[in-house]
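Residue numbering for the sequence shown follows our numbering, beginning at 1057 and increasing consecutively.
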Amino acid sequence: METRMTARVSVRRAMRSDLAAIRRIEETSFSRPWKSETFDELLGAPAMEVLVAVAGAEVAGYAVLVVREREAELANLAVSGPHRGEGIGQALVARAIALCGGRGARRILLAVRASNRAAIRLYLRYGFRTIGSHGSYYEDPPEDACIMLLTLPEEC
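Here it is in structure tokens:
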């Protein structure tokens, strides 16, 4: 997939006012979307980080991270359909890596649908490597997950 950089993108921590846009992206991106209350709870949780990518004045994507001591998980990442291919995912992954490193994490784990080739290519570009798979991880439709890991340098 070719990346077309058409909009200036900024990434920041999510605010409560972003929740409706995050929910819309979630519902159109996943067959089993997280509940609205889940995102509301995440914003106040100490181990959680919710990032949004803003293109123009619009929330175009988001990422959810769990950061605990030296390990983090990229738990969710989605880009709105009209903004796919504009570098939104790249901006979110880059900021997520920097944030995790800044909070002391030295490893970032994630699970991605085995069929999501665009996402896998993106993660590989940022240094993640496949370390295994998890059978029948996803439902609706059933699918295996690729488990990926990024090891951050100590000085990150």
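For each residue, glycine too, the CB sits at the ideal point set by N, CA and C.
- The Cβ-Cβ distance between Asp-1200 and Ala-1170 falls below 9 Å.
- Shown here for Tyr-1179: same chain residues with a beta carbon closer than 6 Å to its own, the five before and five after excluded, namely Met-1204 in chain order.
- If you draw a 10 Å sphere on the C-beta of Gly-1112, you find fewer than 16 other C-beta atoms in it, and that means exposed.
- Annotated three-state conformation of Gly-1157 is helix, per DSSP.
- CA-CA distance, Glu-1127 to Gly-1157, rounds to 9 Å.
- Shortest Cα-Cα distance from Gly-1183 to any of Val-1123, Pro-1209, Ser-1136 and Asn-1132 involves Pro-1209.
- Minimum Cα-Cα distance from Leu-1107 among the listed residues Pro-1089, Leu-1133, Glu-1142 and Ala-1174 corresponds to Leu-1133.
- Between Ala-1154 and Val-1115 a beta carbon distance of about 20 Å is seen, past the 8 Å cut, so the two are scored as non-contacting.
- The DSSP-derived three-state label of Leu-1099 is helix.
- Distance from Arg-1124 to Ala-1103 at the Cβ level is roughly 5 Å; contact confirmed, criterion being Cβ atoms closer than 8 Å.
- For Ile-1081, the closest alpha carbon among the candidates Leu-1206, His-1139 and Glu-1097 is that of His-1139.
- Partner residues in the beta bridge of Thr-1186, as assigned by DSSP, are Met-1204.
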